[in-house]
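Protein chains: 4
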Amino acid sequence: MTNAGAMLDTYPQDRDGFDHDLLVACLDACFECAQTCSACADACLAEDMVADLRKCIRTNLDCADICATTGRILSRHTGYDANLSRSVLEACRTACKACGDECSQHADKHEHCRICADACRRCEQACEALLASMH
Amino acid sequence: MTNAGAMLDTYPQDRDGFDHDLLVACLDACFECAQTCSACADACLAEDMVADLRKCIRTNLDCADICATTGRILSRHTGYDANLSRSVLEACRTACKACGDECSQHADKHEHCRICADACRRCEQACEALLASMH
Amino acid sequence: MTNAGAMLDTYPQDRDGFDHDLLVACLDACFECAQTCSACADACLAEDMVADLRKCIRTNLDCADICATTGRILSRHTGYDANLSRSVLEACRTACKACGDECSQHADKHEHCRICADACRRCEQACEALLASMH
Amino acid sequence: MTNAGAMLDTYPQDRDGFDHDLLVACLDACFECAQTCSACADACLAEDMVADLRKCIRTNLDCADICATTGRILSRHTGYDANLSRSVLEACRTACKACGDECSQHADKHEHCRICADACRRCEQACEALLASMH
Chain A
1 MTNAGAMLDT
11 YPQDRDGFDH
21 DLLVACLDAC
31 FECAQTCSAC
41 ADACLAEDMV
51 ADLRKCIRTN
61 LDCADICATT
71 GRILSRHTGY
81 DANLSRSVLE
91 ACRTACKACG
101 DECSQHADKH
111 EHCRICADAC
121 RRCEQACEAL
131 LASMH
Chain B
1 MTNAGAMLDT
11 YPQDRDGFDH
21 DLLVACLDAC
31 FECAQTCSAC
41 ADACLAEDMV
51 ADLRKCIRTN
61 LDCADICATT
71 GRILSRHTGY
81 DANLSRSVLE
91 ACRTACKACG
101 DECSQHADKH
111 EHCRICADAC
121 RRCEQACEAL
131 LASMH
Chain C
1 MTNAGAMLDT
11 YPQDRDGFDH
21 DLLVACLDAC
31 FECAQTCSAC
41 ADACLAEDMV
51 ADLRKCIRTN
61 LDCADICATT
71 GRILSRHTGY
81 DANLSRSVLE
91 ACRTACKACG
101 DECSQHADKH
111 EHCRICADAC
121 RRCEQACEAL
131 LASMH
Chain D
1 MTNAGAMLDT
11 YPQDRDGFDH
21 DLLVACLDAC
31 FECAQTCSAC
41 ADACLAEDMV
51 ADLRKCIRTN
61 LDCADICATT
71 GRILSRHTGY
81 DANLSRSVLE
91 ACRTACKACG
101 DECSQHADKH
111 EHCRICADAC
121 RRCEQACEAL
131 LASMH
């Protein structure tokens with residue numbers, strides 16, 4: 001729970017067409033997932049079996065980058081461009097699905113991967129819900 | 001309230017010397033401030049008086065960038081380097097102070113600046129507390 | 001011209017399927033466009049007619065964020081995921097097209113928008129070429 | 001060699017006090033170092049001896065983040081704040097020194113670490129030169 005909802009309500013002009021609650025949920029999910037994936041990449045790096053977690057680390061880094069960028073873009077409403085928003089939401093959904101799938105394969109051995117897989121699923125679903133509301 | 005605390009508790013090795021609760025508070029503050037400053041920059045851009053908010057927009061963008069970077073760096077514990085951590089925390093504290101000061105000058109006119117000034121103060125104090133605990 | 005090509009040649013394993021020269025060109029274009037869009041957003045903010053450049057500033061900020069993220073993701077080869085790469089390249093192409101279109105509308109008045117429109121076009125085409133080579 | 005110099009020359013107002021050539025050199029060094037460190041982190045991750053490169057990977061990721069943020073902040077001139085600029089330049093110099101030191105320890109074994117150590121040294125020196133010019 002961030003300031004995302006409170007800030008959204010102070011935007012001084014008519015806003016883009018995003019549903020208020022779906023947008024806030026997606027913003028929160030993106031920032032949470034960015035933090036969680038950054039932490040999971042580092043925890044994987046510290047595991048004895050780091051050599052088996054290479055793909056997981058890489059996917060975590062990618063997902064952290066895309067979630068952070070998506071969270072920033074969704075924080076902006078001025079000069080809204082539906083094509084651009086849709087395109088970045090699709091990339092974020094794809095990254096979250098890839099990272100959630102990868103982390104869930106290590107979830108029984110590593111609690112950080114289990115928590116991270118959950119954060120990725122939530123963010124994937126939040127992107128999906130926001131995308132669905134655009135049509 | 002993010003996953004920051006839960007993820008921290010899953011780190012598989014002995015961690016750097018940061019106090020647990022101060023670190024979680026600083027992580028949450030950095031990610032919150034990054035989102036809030038991104039949103040405040042965009043809300044300022046949408047104001048009729050945008051020409052009077054140029055410095056506020058720029059400082060918001062800087063603060064968002066530094067808070068995001070600080071949040072990522074604090075999410076990592078492997079290969080901890082106290083000098084590097086201290087240096088980025090000092091930069092983050094400086095940026096949050098600058099942005100809090102700037103936003104507070106517009107807080108009576110713009111609710112987004114008021115909320116953002118508060119987020120900057122919280123993050124400045126969280127960085128300060130974490131820095132103080134390092135000595 | 002960055003280190004991108006030299007670094008690519010040192011990657012210690014078999015790499016993903018990207019064509020070497022198209023990948024280097026896309027990496028360089030992404031980092032150049034990220035810098036140029038950040039500078040153009042700030043130059044627009046300093047113009048007397050800033051109120052007419054709101055959409056341009058916002059699109060510049062989005063494009064800078066996506067190009068930076070795409071450049072990072074393309075810098076990684078370990079655990080390559082074609083779906084994720086394709087998705088972020090499509091988002092980057094979309095953002096560069098949007099920003100190139102917007103900046104080109106101000107190119108006669110503002111030299112920074114003219115230079116930025118060119119950087120966006122180059123990056124859009126580099127993403128397009130890399131995407132085409134994936135099929 | 002990016003657009004950094006060309007964009008700087010189009011800034012429509014009186015600029016901050018940074019020396020033109022030192023600023024352009026620092027901008028180029030920051031973006032180059034951000035890309036190189038991202039690539040070096042990934043190349044380290046792909047090495048057979050990844051377990052010995054944990055600290056190198058982490059420092060690369062930190063340095064990439066700080067260089068990217070510093071490059072963005074130096075791309076802005078509107079509403080210049082000397083304290084904030086100095087603080088982020090100091091953090092960038094510290095991160096580049098830490099990463100250059102770490103990578104140089106692996107430079108004989110890994111060509112990517114050798115190239116990356118050089119990029120970090122260049123960026124450290126560019127930050128140092130820009131900082132020195134501020135006094």
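Protein sequences appear in the order of chains A, B, C and D.
No gaps in the numbering here: position 63 of the first sequence is 63 in our numbering, and each next residue is one more.
No gaps in the numbering here: position 84 of the second sequence is 84 in our numbering, and each next residue is one more.
No gaps in the numbering here: position 59 of the third sequence is 59 in our numbering, and each next residue is one more.
No gaps in the numbering here: position 59 of the fourth sequence is 59 in our numbering, and each next residue is one more.
Just so it is clear, CB atoms sit at the ideal spot from N, CA and C, and this is done for glycine as well.
Please read all numbers here as calculations on a predicted model, not as lab measurements.
{"query": "List the endpoints of the continuous alpha helix (DSSP H) containing Q125 (chain D).", "result": "E111 to M134"}
{"query": "Are G79 (chain A) and K109 (chain C) touching if we call contact CB-CB under 7 Å?", "result": "no"}
{"query": "Leaving aside the five residues before and after L131 (chain C) along the sequence, list all residues of the same chain whose C-beta is less than 8 Å from its C-beta, in chain order.", "result": "R86, L89, E90 and R93"}
{"query": "Am I right that A98 (chain A) and N3 (chain B) are in contact with their C-beta atoms under 8 Å? What's the rounded C-beta distance?", "result": "With 8 Å as the limit, A98 (chain A) and N3 (chain B) do not qualify as a contact, their Cβ atoms being about 19 Å apart."}
{"query": "Which whole-angstrom value is the C-beta distance of C96 (chain C) and H106 (chain C), which I expect to be below 8 Å?", "result": "Not confirmed; about 16 Å, so no contact."}
{"query": "So with CB distances below 7 Å, who are the chain D contacts of G79 (chain B)?", "result": "R54, K55, R58 and T59"}
{"query": "Is S75 (chain D) helix, strand or coil when you go by DSSP?", "result": "coil"}
{"query": "Give me the chain D residues within the contact set of E128 (chain B), using Cβ-Cβ distance strictly less than 8 Å, ordered along the chain.", "result": "Simply none; closest approach about 14 Å."}
{"query": "What are the boundary residues of the alpha helix (DSSP H) that includes F18 (chain D)?", "result": "Premise fails: F18 (chain D) is in no alpha helix (DSSP H) and is neither H nor E."}
{"query": "So does the region 38-50 of chain B actually touch the region 8-16 of chain A, counting three or more Cβ pairs closer than 8 Å?", "result": "yes"}
{"query": "How about A136 (chain A) and A29 (chain A): do their beta carbons lie closer than 7 Å?", "result": "Not covered by the structure: residue 136 (chain A). The range shown for chain A is 1 to 135."}
{"query": "Going by the CB atoms, is the gap between T36 (chain A) and C116 (chain A) shorter than 7 Å?", "result": "yes"}
{"query": "Quick one: is A82 (chain A) buried, meaning 16 or more other Cβ sit within 10 Å of its Cβ, or exposed?", "result": "exposed"}
{"query": "Using CA atoms only, rank isn't needed, just tell me which of D:C33, D:L74 and D:T59 is closest to F18 (chain D).", "result": "D:L74"}
{"query": "Report yes or no: is there a C-beta of chain D within less than 7 Å of the C-beta of V50 (chain A)?", "result": "yes"}
{"query": "With DSSP as the reference, label N3 (chain D) as helix, strand or coil.", "result": "coil"}
{"query": "Less than 7 Å between CB atoms is the rule here; does S38 (chain A) satisfy it with respect to chain B?", "result": "yes"}
{"query": "Pull up the distance between the alpha-carbon of G100 (chain A) and that of A6 (chain A), whole angstroms please.", "result": "29 Å"}
{"query": "State the Cα-Cα distance for the pair D65 (chain A) and I66 (chain C), rounded to the nearest angstrom.", "result": "9 Å"}
{"query": "A34 (chain A): buried (16+ other C-beta within 10 angstroms of its C-beta) or exposed?", "result": "buried"}
{"query": "Going by C-alpha distance, which of B:T69, B:D21 and B:F31 is nearest C123 (chain B)?", "result": "B:F31"}
{"query": "Near D9 (chain C), which residues of its chain fall below 7 Å by C-beta distance, leaving aside the five closest residues on each side in sequence?", "result": "none"}
{"query": "Spatial neighbours of V24 (chain A) within its chain, please: C-beta separation below 8 Å, excluding the five flanking residues on both sides.", "result": "A4, G5 and L8"}
{"query": "By a C-beta neighbour count over all protein chains shown, 10 Å radius and 16 as the cutoff for buried, is H77 (chain B) buried or exposed?", "result": "buried"}
{"query": "Taking only beta-carbon atoms, is F31 (chain B) less than 7 Å away from chain A?", "result": "yes"}
{"query": "For the alpha helix (DSSP H) that L84 (chain C) lies in, which residues bound it at each end?", "result": "A82 to S104"}
{"query": "Quick one: using the 10 Å Cβ neighbour count with 16 as the cut-off for buried, is D52 (chain A) buried or exposed?", "result": "exposed"}
{"query": "On the criterion of 16 or more Cβ atoms from any shown chain inside 10 Å, does D62 (chain D) qualify as buried, or is it exposed?", "result": "buried"}
{"query": "At a Cβ threshold of 7 Å, is C27 (chain D) touching chain B?", "result": "A small fix is needed here, since residue 27 (chain D) is Leu in this sequence, not Cys. No, L27 (chain D) does not count as interfacial toward chain B."}
{"query": "In this structure, does DSSP put E32 (chain C) in helix, strand or coil?", "result": "helix"}
{"query": "Quick check on DSSP: helix, strand or coil for D65 (chain A)?", "result": "helix"}
{"query": "Quick one: what's got a C-beta closer than 6 Å to T59 (chain D)'s C-beta in the same chain, skipping five residues either side?", "result": "A98, C99 and E102"}
{"query": "Looking only at its own chain, which residues have a Cβ that is under 7 Å from the Cβ of S38 (chain A), when we skip the five neighbours before and after it?", "result": "A64"}
{"query": "Check the Cβ of T70 (chain D) against every Cβ in chain C and list those closer than 9 Å, keeping chain order.", "result": "Chain C residues near T70 (chain D): none, gap ~12 Å exceeds 9 Å."}
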